[in-house]
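Comments concern the structure below.
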Amino acid sequence: MTGKCWTRKVDELGRIVLPRELREEIGLQDREPLEIHLEHGQVTLHKKSERCVICGSDQELSPIKEKMICKSCIQELSGEK
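Here the sequence shown stands for residues 1 to 81, where the numbers follow UniProt numbering.
Following this line, the structure appears as structure tokens:
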């Protein structure tokens, strides 16, 4: 593995603190959601990106009842396509 590396301890509530330098480098804001992935015994963190709940697209999204739906799916659901 190449790149930067930080070591942090897990506190008694199971939390870790991400270093300010890391948060700034990836543009992570306070209270912004992160996705936590576990694969083959390794944990990775990803900035959560808004996606359409139907098709997974990240283009032309609109909030509908607190869910994101893309323009294409809205058109398909309304019979406009």
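For each residue, glycine too, the CB sits at the ideal point set by N, CA and C. None of the values given here were measured: they were computed from a predicted structure.
Option nearest residue i by Cα separation, candidates the options
i	options	result
Arg23	Leu13, Lys4, Lys9	Lys4
Gln59	Ile74, His46, Lys47	Ile74
Trp6	Glu80, Leu13, Glu21	Glu21
Through-space distance from residue j to residue i, alpha-carbon basis
i	j	result
Leu28	Lys47	7 Å
Leu34	Met68	17 Å
Val17	Arg8	7 Å
Ser43	Gly14	Note on residue identity: the sequence assigns Val, not Ser, to residue 43. For Val43 and Gly14, the distance between alpha carbons rounds to 14 Å.
Burial state of residue i (16 or more Cβ within 10 Å)
i	result
Leu61	buried
Would you say the region 21 to 41 touches the region 50 to 64, given that touching needs at least three Cβ pairs under 8 Å?
-> no
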